[in-house]
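2 protein chains.
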Amino acid sequence: MTQSAFQLETFLPYLLNQAAEASSLSFQKAYKGKYGMLRTEWRVLFHLGLYGSMTASEIGARAKLHKTKISRAVQRLTTRRMITRARDEADRRVEHLTLTPTGRAAYADLRQIAERYEAELVAGLSPAEVQALRRALIKLSEVRAVSFT
Amino acid sequence: MTQSAFQLETFLPYLLNQAAEASSLSFQKAYKGKYGMLRTEWRVLFHLGLYGSMTASEIGARAKLHKTKISRAVQRLTTRRMITRARDEADRRVEHLTLTPTGRAAYADLRQIAERYEAELVAGLSPAEVQALRRALIKLSEVRAVSFT
DNA sequence: AAATAATAGTTGTTTTTGTAACCAACAAGG
DNA sequence: CCTTGTTGGTTACAAAAACAACTATTATTT
């Protein structure tokens, strides 16, 4: 009856979720506990920290986040005085987001934590394994819509 | 100032999430559209389909899902007549969950879809790459609590 | 045998997310 | 211009997840 040996343990979407959740969860504790941040807020903070001033939709395009999620993350980060918003005078729909000194300090701190965390995470893998993993993950995340009927 | 070259694009928790979300999302459409199922329900269904009769907490332990999530998934699957619950007579706290014929049919169908989906997903990767990916993901998901202060 | 703790599972409440509708500003076509 | 369409972003409402408290039953301790 069961001709193919399907296994949940090796099914990629399942496996990806397990790994992603396991790694996110323990890391999340750092920024949640320290700055009361949510994952989306962390991402926005890091985008601004890394790329400087950006608009909400630029962040959305890069991080593949929905605009409502970003809108809310920006609100919360703004009330926490981590980012400032500035209307573009040429096109008054867009807002340029920038980190405040507070935001930059949080970013610098969290960035170090991120680096240490990642080092700890890949401790059980060889550099070659890590490189192969990254490459495969990048390919998979680029697959926008798998058509399989 | 910036001594190390941190990049968001290669940061593993970020990358894992991107890949997991991308792959989950398109796959989810299949079972959501066809059976109105949520991800937790899909997982419960597959656990029962693969391992036969199980209790809620056995599923929880294996899938690393919280018991409330399972409880509600079981409720929904029960009202959809996909699983039946039977009290254990020896220990009347536990319930044994089993697929109904309807549930088995859905499982068989979704399992085929899962297999085809996965095949499509890894189409851009070599068998060796897939194997390496699986191995790395398994290692990462086994990392329960990374201690990095 | 109580009393206490532990386990299986449920229910209630609060957060967070998803989806759709919306407003304002700009762009293009007639 | 002035309708129509598009884009950047917010808001409102519905769905789902997280978290805590709870019931019922079994195990353990004294």
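In the order they appear, the protein sequences are chains A and B.
Mapping the first sequence onto the working numbering, position 56 (from 1) lands on 56, and the numbers just tick up by one.
Mapping the second sequence onto the working numbering, position 40 (from 1) lands on 40, and the numbers just tick up by one.
We put the CB at the ideal spot given by N, CA and C, even for glycine.
It should be emphasised that the depicted structure is a prediction, and the values quoted were computed from it without experimental measurement.
Taking C-beta pairs closer than 8 Å, name the residues in chain B that residue i reaches, listed in chain order.
i, result
"residue 16 (chain A)", "16, 19, 20, 23, 24, 137"
"residue 134 (chain A)", "10, 12, 15"
"residue 52 (chain A)", "Within 8 Å Cβ-Cβ: nothing; residue 52 (chain A) doesn't reach chain B, min ~12 Å."
Which two residues bound the contiguous alpha helix (DSSP H) that contains residue i?
i, result
"residue 78 (chain A)", "67–79"
"residue 118 (chain B)", "101–121"
"residue 86 (chain B)", "Not the alpha helix (DSSP H): residue 86 (chain B) falls in the beta strand (DSSP E), residues 83–87."
"residue 52 (chain A)", "Counting along the chain, residue 52 (chain A) falls outside any alpha helix (DSSP H), and DSSP gives it neither H nor E."
"residue 9 (chain B)", "From DSSP, residue 9 (chain B) is part of no alpha helix (DSSP H); its letter is neither H nor E."
"residue 135 (chain B)", "127–142"
In chain order, what residues of the same chain have a beta carbon less than 8 Å from the beta carbon of residue i, not counting five sequence neighbours either side?
i, result
"residue 81 (chain B)", "100, 102, 103"
"residue 32 (chain B)", "38"
Between residue i and residue j, which are expected to be in contact by the criterion C-beta below 8 Å, what is the C-beta distance as a whole number of angstroms?
i, j, result
"residue 85 (chain A)", "residue 78 (chain A)", "6 Å"
"residue 45 (chain B)", "residue 107 (chain B)", "6 Å"
"residue 22 (chain B)", "residue 117 (chain B)", "Not a contact, Cβ separation roughly 13 Å."
"residue 59 (chain A)", "residue 70 (chain A)", "6 Å"
Just to confirm before moving on: does the CB-CB distance between residue i and residue j stay below 9 Å?
i, j, result
"residue 12 (chain A)", "residue 125 (chain A)", "no"
"residue 213 (chain B)", "residue 35 (chain B)", "The structure shown has nothing for residue 213 (chain B), since chain B only spans 1 to 149."
"residue 92 (chain B)", "residue 65 (chain B)", "no"
"residue 4 (chain A)", "residue 115 (chain B)", "yes"
"residue 97 (chain A)", "residue 68 (chain A)", "no"
"residue 20 (chain A)", "residue 8 (chain B)", "no"
"residue 136 (chain B)", "residue 133 (chain A)", "yes"
"residue 48 (chain B)", "residue 6 (chain A)", "no"
Who are the neighbours of residue i on chain A, taking C-beta pairs under 7 Å?
i, result
"residue 13 (chain B)", "23, 24, 27"
By Cβ distance below 7 Å, which residues in the same chain neighbour residue i in space, the five residues on each side in sequence not counted?
i, result
"residue 41 (chain B)", "73, 76, 77"
"residue 94 (chain A)", "55, 88"
"residue 130 (chain A)", "122"
"residue 63 (chain A)", "43, 47"
"residue 27 (chain A)", "117"
"residue 113 (chain A)", "30"
Which residues in chain B have a C-beta closer than 7 Å to the C-beta of residue i? List them in chain order.
i, result
"residue 61 (chain A)", "Neighbours of residue 61 (chain A) on chain B: none; closest Cβ ~13 Å, over 7 Å."
List the residues of chain A that residue i touches, going by C-beta distances under 9 Å, in chain order.
i, result
"residue 129 (chain B)", "132, 135, 136, 139"
Find the residues of chain B that neighbour residue i, judging by a C-beta separation of less than 9 Å, and give them in chain order.
i, result
"residue 64 (chain A)", "18, 21, 22"
"residue 89 (chain A)", "By Cβ distance, chain B contributes nothing, its closest Cβ being about 29 Å from residue 89 (chain A), past 9 Å."
So residue i contacts chain A; which residues on that side make the cut at Cβ distance below 8 Å?
i, result
"residue 4 (chain B)", "115"
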